[in-house]
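Each remark here refers to the structure printed beneath this line.
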Ligand code: PEP
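In our numbering, the protein residues as written are 673 to 922.
Here it is as structure tokens:
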């Protein structure tokens with residue numbers, strides 16, 4: 673059994689002053705019963721990893737290039753993120769799929785690069801509102817899962833986050849039946865591809881407006897192994913109750 677995972681995505685937020693929030697989270701969880709990961713802007717990785725060297729809090733990045741190095745101005749290779757202290761990287765977030773045209777093929781190549789650098793790939797997928805209303809949510813998710821995961825994916829190197837696009841940053845959350853349907857579908861797809869030992873061991877996170885007041889209900893849904901949290905991961909005051917809810921759901 674893999675440990676549950678509470679992951680935060682700070683997006684393009686945070687300066688060195690924000691590291692105080694990380695210190696508060698680390699101080700309150702000296703030996704967490706679950707994994708806790710904060711995916712920070714790349715500018716904060718080195719200072720955060722130095723600050724948290726003695727803690728169990730893990731640090732991640734939010735994207736990487738498919739090549740390890742080269743003439744790609746402004747980009748960051750997975751080995752550079754690992755060198756700065758990241759142990760994981762978010763890939764295929766819907767904001768990147770939408771704003772930068774990232775396809776599932778591109779996400780797969782990035783995930784392969786992340787694995788080669790020893791990083792856990794936290795691969796995001798999810799349907800838009802129009803796709804859900806057209807009854808296409810499961811088809812979209814199937815394509816995203818099947819294409820975005822490289823053959824290097826294992827339950828140890830890869831985490832999947834189901835994030836309905838319409839629930840990200842909107843205050844809307846998928847209801848428990850919707851989450852159960854998609855997570856059950858993902859579990860079946862993973863088991864079909866990776867087998868009955870590995871398929872059930874992949875961690876499936878839910879993401880989309882997870883907050884202290886809805887976390888427990890979401891964590892009670894079958895096949896939810898944790899959360900990817902955006903806005904509510906920016907402060908210890910909002911993130912710690914979510915960590916507690918996940919610990920209590922074990
Ligand atoms: C996210 O950005 O991955 C996310 C889930 O954001 P929020 O929790 O703010 O909806």
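For each residue, glycine too, the CB sits at the ideal point set by N, CA and C.
- Per DSSP, reduced to three states, the secondary structure at residue 789 is coil, with no helix or strand assignment.
- Per DSSP, the continuous beta strand (DSSP E) segment holding residue 830 begins and ends at 830-834.
- Looking at 792, 741, 839, the one whose alpha-carbon comes closest to that of residue 881 is 839.
- In this structure, residue 764 has its CB at a distance of at least 7 angstroms from all heavy atoms of the ligand PEP.
- Closest in C-alpha terms to residue 707, from the list 714, 732, 723, 751, comes 732.
- Measuring C-alpha to C-alpha distances from residue 728 to each of 754, 709, 859 identifies 709 as the nearest.
- In this structure, the straight-line span from the alpha carbon of residue 778 to that of residue 689 is close to 34 angstroms.
- Straight through space, the alpha carbons of residue 737 and residue 887 are spaced by roughly 32 angstroms.
- Apart from sequence neighbours up to five positions away, the residues of its chain that approach residue 863 with a beta-carbon distance below 7 angstroms are 871, 872, ordered along the chain.
- Contact annotation: residue 852 and residue 893 have beta-carbon atoms nearer than 8 angstroms.
- If you draw a straight line from the Cα of residue 681 to the Cα of residue 915, it comes to about 14 angstroms.
- Residue nearest to residue 686 within the set 764, 800, 906 is 906 (criterion: CA-CA distance).
- A distance of 8 angstroms or more separates the beta carbons of residue 698 and residue 899.
- If you check the C-beta of residue 882 against the ligand PEP, you find a heavy atom less than 7 angstroms away.
- In terms of CA proximity to residue 746, 735 leads the group 805, 735, 720, 755.
- Secondary structure note for residue 752: it is in no beta strand (DSSP E), and the uninterrupted alpha helix (DSSP H) holding it is 750-755.
- Counting other Cβ atoms within 10 Å of its Cβ, residue 790 stays below 16 and is therefore classed as exposed.
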